[in-house]
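Enquirer:
In my numbering, the protein residues as written are 144 to 394.
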């Protein structure tokens, strides 16, 4: 499953409410977009009858650090806010001197619409997988079950993380020859086009990119410390990802 989607769904702040009115939906979207007029317009475009709430998923731990959110969890009112895949809701620019949690100017898409699977399938073409791996489990997770609005960049990040886990696991399971063949892919991961890591506005620290660069440096010399920690936290037994690999060699 989309890791960020799971984490945000688990953080639903009003899990016990049974239904949501138009005013509640508008307030939620307004809070996320910091634009009350845009939120009201989006809600007005679509049917906003009260809809039963879905109880959130159990919270799961994730070690992925610093990716842009690019995702809205509207408490089961997403179906009321959107119609079809397009919502007409675009991420605004952040206030001066701050970074955005979203891809500025990019539309939020309805991840429950069947068309979303075709979009994700197109994105998988940008990230080849190791021999024997497949995107089929990831594609089966779309359309999503959780009511979310996701940006294309966020969907691409989900594909990137899936591919990243496949390559990391392939490297860990491989002999010296396989690892040497996989290394150029791992070396290139910090430059993959859809990474948009959140940067600390005060210190400029980019912890997400730092993790990827550390994995590059360690795998080049055969060290498994960081890559094993990353896989254990983000890949093994998580959603659509492949079964756990054989234990990796000691560092």
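Backbone N, C-alpha and C fix where the C-beta goes; we use that ideal spot for every residue, glycine too.
From a predicted model like this one, the values you see are computed outputs, not experimental measurements.
Does the beta-carbon of residue 339 have 16 or more other beta-carbons within 10 angstroms, so that it is buried, or is it exposed?
Expert: Within the chain shown, the letter at position 196 stands for residue 339. Under this definition residue 339 is a buried residue.
Enquirer: Unbroken alpha helix (DSSP H) runs of length 4 or more, entirely within the region 311 to 360: which are they?
Expert: 319 to 331
Enquirer: Please say whether residue 249 and residue 272 have beta carbons closer to each other than 9 angstroms?
Expert: Within the chain shown, the letter at position 129 stands for residue 272. Within the chain shown, the letter at position 106 stands for residue 249. Not closer than 9 angstroms, so no.
Enquirer: Does the beta-carbon of residue 360 have 16 or more other beta-carbons within 10 angstroms, so that it is buried, or is it exposed?
Expert: Locating residue 360 in the chain shown gives position 217, counting from the first residue. With fewer than 16 Cβ atoms within 10 Å of its Cβ, residue 360 is classed as exposed.
Enquirer: Nearest-angstrom Cα distance between residue 267 and residue 298?
Expert: Counting from one through the chain shown, the residue named residue 267 turns up at place 124. Counting from one through the chain shown, the residue named residue 298 turns up at place 155. Whole-angstrom Cα-Cα distance: 10 angstroms.
Enquirer: Go ahead and label residue 227 buried or exposed: buried means 16 or more other beta carbons lie within 10 angstroms of its beta carbon, across all protein chains shown.
Expert: Position 84 of the chain shown, counted from the first residue, corresponds to residue 227. The residue in question, residue 227, is exposed, as its Cβ has fewer than 16 Cβ neighbours within 10 Å.
Enquirer: Measure the beta-carbon distance from residue 341 to residue 296 and round it to whole angstroms, keeping in mind my assumption that it falls under 8 angstroms.
Expert: If you number the chain shown from 1, residue 341 lands on position 198. If you number the chain shown from 1, residue 296 lands on position 153. Their Cβ separation, rounded to whole angstroms, is 13 angstroms, which puts residue 341 and residue 296 out of contact at 8 angstroms.
Enquirer: Spell out a yes or no on whether the region 255 to 265 and the region 278 to 295 are touching, meaning 3 or more CB-CB pairs, one atom from each, closer than 8 angstroms.
Expert: yes
Enquirer: Can you list, in chain order, the residues of its chain with a C-beta nearer than 7 angstroms to that of residue 355? Leave out the 5 residues immediately preceding and following it.
Expert: Locating residue 355 in the chain shown gives position 212, counting from the first residue. These residues qualify, in order along the chain: 332 and 333.
Enquirer: Cα separation between residue 324 and residue 313?
Expert: Counting from 1 along the chain shown, the entry for residue 324 is found at position 181. Counting from 1 along the chain shown, the entry for residue 313 is found at position 170. A direct Cα-to-Cα measurement between residue 324 and residue 313 gives close to 10 angstroms.
Enquirer: Work out the CA separation of residue 336 and residue 300 for me, nearest whole Å.
Expert: Numbered from its first residue, the chain shown carries residue 300 at position 157. Numbered from its first residue, the chain shown carries residue 336 at position 193. Those two C-alpha atoms are separated by around 9 angstroms.
Enquirer: Beta-carbon separation of residue 358 and residue 311 under 9 angstroms?
Expert: Your numbering for residue 358 matches position 215 in the chain shown. Your numbering for residue 311 matches position 168 in the chain shown. Yes. Within cutoff.
Enquirer: How would you label residue 347, buried or exposed, when you count the other beta carbons within 10 angstroms and need 16 or more for buried?
Expert: Position 204 of the chain shown holds residue 347. Flag for residue 347 reads exposed.
Enquirer: Can you list the alpha helix (DSSP H) stretches of 4 or more residues lying completely in the region 224 to 283, in chain order?
Expert: You should have 258 to 267 and 279 to 283.
Enquirer: Can you tell me which of 307, 255 and 269 puts its alpha carbon nearest to the alpha carbon of residue 291?
Expert: Counted from its first residue, the chain shown places residue 291 at position 148. Comparing Cα positions, the closest option is 255.
Enquirer: Quick one: Cα of residue 307 to Cα of residue 366, how far?
Expert: Numbered from its first residue, the chain shown carries residue 307 at position 164. Numbered from its first residue, the chain shown carries residue 366 at position 223. Answer to the nearest angstrom: the Cα atoms are 17 angstroms apart.
Enquirer: Decide if residue 293 is buried, meaning its Cβ has at least 16 other Cβ atoms within 10 Å, or exposed.
Expert: By 1-based counting over the chain shown, the position of residue 293 is 150. Answer is buried; the Cβ neighbour count reaches 16.
Enquirer: When you compare each of 274, 362, 270 and 287 to residue 252 by their alpha carbons, which one comes out closest?
Expert: Position 109 of the chain shown, counted from the start, is the residue given in the question as residue 252. The shortest C-alpha separation from residue 252 is found at 287.
Enquirer: Identify the continuous beta strand (DSSP E) that holds residue 368 and give its terminal residues.
Expert: As a position in the chain shown, residue 368 is number 225, starting the count at 1. From DSSP, residue 368 is part of no beta strand (DSSP E) but of the alpha helix (DSSP H) over 368 to 377.
Enquirer: By how many angstroms is the C-alpha of residue 376 removed from the C-alpha of residue 202?
Expert: Walking along the chain shown from the start, residue 202 turns up at place 59. Walking along the chain shown from the start, residue 376 turns up at place 233. Residue confidence for residue 202 is low, a pLDDT of 34 falling below 50, so the modelled location carries little weight and cannot support an answer.
Enquirer: Please say whether residue 363 and residue 318 have beta carbons closer to each other than 9 angstroms?
Expert: Indexing the chain shown from 1 puts residue 318 at position 175. Indexing the chain shown from 1 puts residue 363 at position 220. No. Outside cutoff.
Enquirer: Candidates 303, 321, 237 and 374: which alpha carbon is nearest residue 269's?
Expert: The residue labelled residue 269 in the question sits at position 126 within the chain shown. Checked all of 303, 321, 237 and 374; the closest Cα to residue 269 is 303.
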